[in-house]
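Sequences listed follow chains C and U, in order.
Residues 1 to 472 in the UniProt record's numbering are what the first sequence lists, from first letter to last.
Residues 1 to 472 in the UniProt record's numbering are what the second sequence lists, from first letter to last.
Backbone N, C-alpha and C fix where the C-beta goes; we use that ideal spot for every residue, glycine too.
What follows is a single structure, written as structure tokens, with notes after it.
Protein chains: 2
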Amino acid sequence: MPLTAATPEIVEALSAVLPEGRVGAVPPAYAEDPRGRALGTAIALVRPVSTREVAEVVRFAARNRVGLVPIGGGTGLVRGQIPDGPAPLLLSLERMNSVPAADPVDNVLVAEAGAILAEVQAAAEAVGRLFPLSLASEGSARIGGLLSTNAGGVNVLRYGNARELVLGIEAVLPDGSILDGPKRLRKDNTGYDLRNLLIGAEGTLGVITAASLRLFPRPAEEATALLAVRDPAAALELLGRLRDTMGEAVNAFELIARTSFDFLAEVLPEVPQPFAARPDWAVLVEAGGARGTQVAERLEAALADAFERELIHDALIAQNRQQAADFWGVREHIPEANKRIGAVASHDIALPVAQVPAFIAEAGAALHGIDARFRINCFGHLGDGNLHYNVFPAQAGGRDAHEHQRAAVTDCVHELVHRYHGSFSAEHGVGRLKVAELERYGGAAKLAAMRAIKTALDPHGIMNPGAVLRAE
Amino acid sequence: MPLTAATPEIVEALSAVLPEGRVGAVPPAYAEDPRGRALGTAIALVRPVSTREVAEVVRFAARNRVGLVPIGGGTGLVRGQIPDGPAPLLLSLERMNSVPAADPVDNVLVAEAGAILAEVQAAAEAVGRLFPLSLASEGSARIGGLLSTNAGGVNVLRYGNARELVLGIEAVLPDGSILDGPKRLRKDNTGYDLRNLLIGAEGTLGVITAASLRLFPRPAEEATALLAVRDPAAALELLGRLRDTMGEAVNAFELIARTSFDFLAEVLPEVPQPFAARPDWAVLVEAGGARGTQVAERLEAALADAFERELIHDALIAQNRQQAADFWGVREHIPEANKRIGAVASHDIALPVAQVPAFIAEAGAALHGIDARFRINCFGHLGDGNLHYNVFPAQAGGRDAHEHQRAAVTDCVHELVHRYHGSFSAEHGVGRLKVAELERYGGAAKLAAMRAIKTALDPHGIMNPGAVLRAE
């Protein structure tokens, strides 16, 4: 049965079952996609202040067969925001944003879903601990959205994705029942792993309302280096050698293509460029460890060895925090530079790590077969096999001339990724943008099982309709 | 609809759809529970050699409404083996036990579900890598069972439970469809996390047939120490200080009660006792790190500090591998000593780490209220908040006299665990032994969601009937 649109009457009826001030109009910021894509429309934003109120909203939506779309910080890149089709109710947990003091004995922090990531990081730091989830949007992304999309970021190599940083969740299921409190246990083998089922389900199986998050020791020693590498294969060999000699001390290992440096020079000339001559390929390495583990000395020794093996031909080692910040500044400004150039097509892909060099070579050749003018900016989390593989016109602002090629470009990239047994979405998720890709590449057994689970838990299809799975 | 028993006719029909030699009688070892509990009966063991054959068996069971019970190494402690009720077919993947060479670039090893853990560890070591899952039964436990029960063990503190060591799985779902090949990706946000749903589902949602497992750098430096600590609170404070100064280098942090040393002296006098005088509480610490991280020096410095703070009053630091093995020998012989004494009741509980000392005090008092003669052996993975909390008679072999108290003892422990927001099964799972506990403590929302998922994926209830969830 199709969903009903959220009419003014329905919105009024919802207002009547909630305390004053919970239901309002949709502020403009909620109607914007970070990449400027067209969104659907919604006429009401619900902002509950407690899990019980969230449950009330979910039950209302189920009773009235109205779609309910949870919105976090709105930073997602795959059109998980307002859908087309019958207008849904938007649900924001921004008022449920408390971050109680972190517990340095249990190494746990229990945050409400509306908490901003940067505030969670700060609360961990306040008790001398690290919450390692870190990504460009951390100043606005909220915990609920980060977990619902199983966010990645720059520290996955060492600490894992969002799901690996969670001990327990509290959630409202599509029938309005409340799952658990957020347990603080390291081990709990009592039944199906509903925690991980909800994490990464993008709000289609329920609403995460709170989470207990794992904290880690803060590295007392850190070292950051920006390295000019021969090619992606050399970068990969370097990664292997670093992990051999430094163990798990490698926090981040980011690949940067020459194109990234060129784009920065072209549209963000104010960003300092650390290399005198732009290298074809570079790697940003960050390592960290406890006091006395000689992180800097060991990194320098490993880099000296890499020089001798001709894996790297230039190495900038940060001498202070400012230099480290400058190196990270290069990496972190790449998305903005990309935006200003204007991509023909962007891809967030994962590959078996060892396959990355072969993929880069083959994909570049295939895309230049479509259009020899394309500029490819391939960068990202090489340590995780996760590349942001984006295709650009020869000149900034020239994307419109390639509109007719966009589908072919994405097809070319994703088909090749599939042949390499990779993923068409490493960390961004499926949203509404990649539903067709999931249908194409997900495999029949997986899709059937996902649909069975969706129908079992959300028989009316009210939760974030059309995201991940096509609305029936 | 109730299941049909696997009659000789049904077994014959199954034999007819499979190649020669796949179906046989049940060898005696498969009909034994490691703790000597009574099991049900089964008349046939199926041993397929490929995933396709597993799918064939599953489809046969679904068509004929016969229960199918996957058996791994048979080392589980919660009666996950042969159920009561209509005789099921037993399914062993012991012939699907290949462990291809590990990949030291991708840091991945793809093993079939029938592979023995010790062989997987050895394959990782052969390429200079570590597969950190480690537990007493590693010589016979198989990967399929270890993942299906989300096994724990002694290295969880540093490396996580089994589920955190898995990149991807291949599985046969209850309709006979085959889920994925085992992906080798660090990141893959394309739909619901079916991998983690099957891990820990104890074979009730399908059969894991293969897995890609994460490998880690091998610690080049290691240090092991056995410490006499003042009490559990001091042990906990020590853990916090070690993690502050040593970061993630602490592999294992195991609590050992005086009772453990007493039991060893009583029934396993051949096990060397490292302490001249048995301490009330001891901790076994193992730390490891990359070359140059000065693991031993840093541990010694931390222990000197702990002496000054009077957290520890005796410290034995292993001077060589043999001594380290002797220290671990104490820890590893505790379960055998327990077995020889004969427990009134055993519990595998998890608590928020910071609550462990209060729990130990309160539980001891409550149990001695039931019977002042009880001896309590409380030991295990303190770093994970996971205690094996076992209750014994005053004399070895005296358990039968306490038979009438067993239910009250377990109730007492589990009720208290529940009040401390803990778990009645930290690492052993639910099996058939703890189904009632799950119903009592799991919470209505969780149980309803679990049942909905079970029914959606396994409408005939053929997969491991009666485990985790009561058979309908």
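Could you tell me the alpha carbon to alpha carbon distance between glutamate 119 of chain C and serine 423 of chain U, rounded to whole angstroms?
Here the question's residue 119 of chain C lines up with position 119 in the first sequence. Here the question's residue 423 of chain U lines up with position 423 in the second sequence. Distance between the alpha carbons of glutamate 119 of chain C and serine 423 of chain U: 30 Å.
The region 6-18 of chain U: which residues have C-beta closer than 9 Å to a C-beta of chain C, in chain order?
For the region 6-18 of chain U, which is checked against every Cβ of chain C, not one residue is closer than 9 Å.
Member of U:His418, U:Ala452, U:Glu32, U:Leu382 whose CA lies at the smallest distance from the CA of glycine 73 of chain U:
In the second sequence, counting from the first residue as 1, residue 73 of chain U sits at position 73. Nearest of U:His418, U:Ala452, U:Glu32, U:Leu382 to glycine 73 of chain U, Cα basis: U:Glu32.
Would you call the region 242-260 of chain C and the region 292-300 of chain C in contact, with 3 or more CB pairs under 8 Å?
Segment contact: the region 242-260 of chain C against the region 292-300 of chain C, three or more CB-CB distances shorter than 8 Å; contact assigned.
When you compare the CB positions of glycine 128 of chain U and glutamate 221 of chain U, do they come within less than 8 Å of one another, or not?
Position 128 of the second sequence, counting from 1, holds the residue named residue 128 of chain U. Position 221 of the second sequence, counting from 1, holds the residue named residue 221 of chain U. Taking the C-beta atoms as reference points, glutamate 221 of chain U is found no nearer than 8 Å to glycine 128 of chain U.
For a cutoff of 8 Å on Cβ pairs, would you count glutamine 81 of chain U as touching chain C?
Indexing the second sequence from 1 puts residue 81 of chain U at position 81. No, glutamine 81 of chain U lies away from the interface with chain C (no Cβ there is under 8 Å from its Cβ).
Run through DSSP, which three-state label would valine 172 of chain U get?
By 1-based counting over the second sequence, the position of residue 172 of chain U is 172. If DSSP states are grouped into helix, strand and coil, valine 172 of chain U belongs with the strands.
Given that methionine 246 of chain U touches chain C, what residues does it touch there, using C-beta distances under 7 Å?
The residue you call residue 246 of chain U lines up with position 246 of the second sequence. Against chain C, the beta carbon of methionine 246 of chain U has neighbours under 7 Å at Ala290, listed in chain order.
State the DSSP-derived secondary structure class of valine 207 of chain U, mapped to helix, strand or coil.
Locating residue 207 of chain U in the second sequence gives position 207, where the first residue counts as 1. Three-state DSSP puts valine 207 of chain U in a strand.
Residues of chain C with CB under 8 Å from valine 430 of chain U, in chain order?
Position 430 of the second sequence, counted from the first residue, corresponds to residue 430 of chain U. Near valine 430 of chain U (Cβ distances below 8 Å), the residues of chain C are Asn189, Thr190, Gly191.
Thinking C-alpha only, which one of U:Leu303, U:His460, U:Leu147 is nearest arginine 241 of chain U?
In the second sequence, the residue the question calls residue 241 of chain U occupies position 241. Closest by C-alpha distance to arginine 241 of chain U, out of U:Leu303, U:His460, U:Leu147, is U:Leu303.
Exposed or buried, histidine 381 of chain C, counting other C-beta atoms within 10 Å across all chains shown (16 or more means buried)?
For the purposes of this step, residue 381 of chain C is taken as residue 381 along the first sequence, with counting starting at 1. Buried, by the Cβ-count rule.
Within chain C, partners of alanine 456 of chain U - CB distance below 8 Å
Translated into positions along the second sequence, residue 456 of chain U becomes position 456. Going along chain C in sequence order, the residues near alanine 456 of chain U (Cβ under 8 Å) are Ala452, Ile453, Thr455, Ala456.
Chain-ordered neighbours of asparagine 464 of chain C on chain U, where CB pairs are closer than 8 Å
On the first sequence, residue 464 of chain C is found 464 positions in, with the first residue counted as 1. What asparagine 464 of chain C touches in chain U: nothing, since even the nearest Cβ is about 13 Å away.
Please classify aspartate 175 of chain U: is it buried, with 16 or more other beta-carbons within 10 angstroms of its beta-carbon, or exposed?
Translated into positions along the second sequence, residue 175 of chain U becomes position 175. Buried, because 16 or more other Cβ atoms sit within 10 Å of the Cβ of aspartate 175 of chain U.
With a threshold of 8 Å between beta-carbons, can glutamate 415 of chain C be considered close to chain U, or not?
Taking the first residue of the first sequence as 1, we reach residue 415 of chain C at position 415. Not closer than 8 Å to any Cβ of chain U, the Cβ of glutamate 415 of chain C fails to qualify, so no.
Supposed contact pair leucine 93 of chain U and threonine 209 of chain U - C-beta distance, whole angstroms, cut 8 Å
In the second sequence, counting from the first residue as 1, residue 209 of chain U sits at position 209. In the second sequence, counting from the first residue as 1, residue 93 of chain U sits at position 93. Threonine 209 of chain U to leucine 93 of chain U, Cβ: 7 Å. Contact.
Please identify the residue among C:Ser177, C:Ile169, C:Glu202 whose C-alpha is closest to the C-alpha of leucine 194 of chain C.
Position 194 of the first sequence, counted from the start, is the residue given in the question as residue 194 of chain C. For the residues C:Ser177, C:Ile169, C:Glu202, the minimum Cα distance to leucine 194 of chain C belongs to C:Ile169.
Going along the chain, which residues of its own chain have a beta-carbon closer than 6 Å to the beta-carbon of histidine 428 of chain C, five neighbours each way excluded?
As a working note, residue 428 of chain C is residue 428 in the first sequence. Within the same chain, histidine 428 of chain C has close Cβ partners Leu77, Val78, Asp348.
Reduced DSSP category for leucine 90 of chain C - H, G, I as helix; E, B as strand; rest coil:
The residue labelled residue 90 of chain C in the question sits at position 90 within the first sequence. Under the three-state reduction of DSSP output, leucine 90 of chain C falls in the strand class.
Neighbourhood of arginine 291 of chain U by C-beta distance below 6 Å, restricted to the same chain and skipping five residues each side:
Taking the second sequence and counting its residues from 1, the one referred to as residue 291 of chain U is at position 291. Within the same chain, arginine 291 of chain U has close Cβ partners Ala220.
Under DSSP, the beta strand (DSSP E) around phenylalanine 379 of chain U begins and ends at which residues?
Residue numbering aside, residue 379 of chain U sits at position 379 when the second sequence is read from its first letter. Following the DSSP letters along the chain, one finds phenylalanine 379 of chain U inside the beta strand (DSSP E) bounded by residues 375-381.
Valine 58 of chain C to arginine 331 of chain C span [Cα, whole Å]:
Taking the first residue of the first sequence as position 1, residue 58 of chain C is located at position 58. Taking the first residue of the first sequence as position 1, residue 331 of chain C is located at position 331. Valine 58 of chain C and arginine 331 of chain C: Cα-Cα distance of roughly 40 Å.
Runs of beta strand (DSSP E) wholly within the region 38-76 of chain C (minimum 3 residues, chain order):
You should have 68-71.
Alanine 42 of chain C to leucine 117 of chain C span [Cα, whole Å]
Stepping through the first sequence from its first residue, residue 42 of chain C is reached at position 42. Stepping through the first sequence from its first residue, residue 117 of chain C is reached at position 117. Answer to the nearest angstrom: the Cα atoms are 26 Å apart.
Within 8 Å of any Cβ in chain C, is that where the Cβ of arginine 184 of chain U sits?
Locating residue 184 of chain U in the second sequence gives position 184, counting from the first residue. Under the 8 Å criterion on CB atoms, arginine 184 of chain U is classed as interfacial with respect to chain C.
At the 8 Å Cβ level, is glutamate 472 of chain C part of the contact set with chain U, yes or no?
Translated into positions along the first sequence, residue 472 of chain C becomes position 472. Not an interface residue.
Helix, strand or coil, according to DSSP, for tyrosine 192 of chain C in the structure here?
Taking the first residue of the first sequence as 1, we reach residue 192 of chain C at position 192. Coil, per DSSP.
Name the residue from C:Ala394, C:Leu147, C:Val156 whose alpha carbon lies nearest to the alpha carbon of asparagine 386 of chain C.
Position 386 of the first sequence, counted from the start, is the residue given in the question as residue 386 of chain C. Cα-wise, what sits closest to asparagine 386 of chain C is C:Val156.
Should glutamine 121 of chain C be flagged as near chain U, meaning a C-beta pair shorter than 8 Å?
Reading the first sequence from its first residue, position 121 is the one you call residue 121 of chain C. Under the 8 Å criterion on CB atoms, glutamine 121 of chain C is classed as non-interfacial with respect to chain U.
Alanine 201 of chain U: contacting residues in chain C (beta-carbon distance under 9 Å):
Position 201 of the second sequence, counting from 1, holds the residue named residue 201 of chain U. The answer, in chain order, is Gly191, Tyr192, Asp193.
Am I right that serine 260 of chain C and phenylalanine 379 of chain C are in contact with their C-beta atoms under 8 Å? What's the rounded C-beta distance?
Here residue 260 of chain C corresponds to residue number 260 of the first sequence, with the count starting at 1. Here residue 379 of chain C corresponds to residue number 379 of the first sequence, with the count starting at 1. Between serine 260 of chain C and phenylalanine 379 of chain C a beta carbon distance of about 5 Å is seen, short of the 8 Å cut, so the two are scored as contacting.
What separation, rounded to the nearest whole angstrom, lies between the Cα atoms of valine 409 of chain C and methionine 463 of chain U?
In the first sequence, residue 409 of chain C corresponds to position 409, counting from 1. In the second sequence, residue 463 of chain U corresponds to position 463, counting from 1. Annotation: valine 409 of chain C to methionine 463 of chain U spans about 44 Å, alpha carbon to alpha carbon.
In the DSSP assignment, find the unbroken beta strand (DSSP E) run with asparagine 338 of chain C in it and report its ends.
In the first sequence, the residue the question calls residue 338 of chain C occupies position 338. Run containing asparagine 338 of chain C: none in the beta strand (DSSP E); it sits in the alpha helix (DSSP H), 321-341.
What does methionine 463 of chain U pair with, by DSSP beta-bridge criteria?
As a first step, residue 463 of chain U is located in the second sequence; it is residue number 463 there, counting from the start. Listed as beta-bridge partners of methionine 463 of chain U by DSSP are U:Leu68.
Reference glycine 114 of chain C, options C:Ala126, C:Leu255, C:Phe131, C:Met96, closest by Cα
Position 114 of the first sequence, counting from 1, holds the residue named residue 114 of chain C. That would be C:Met96, whose Cα lies nearest to the Cα of glycine 114 of chain C.
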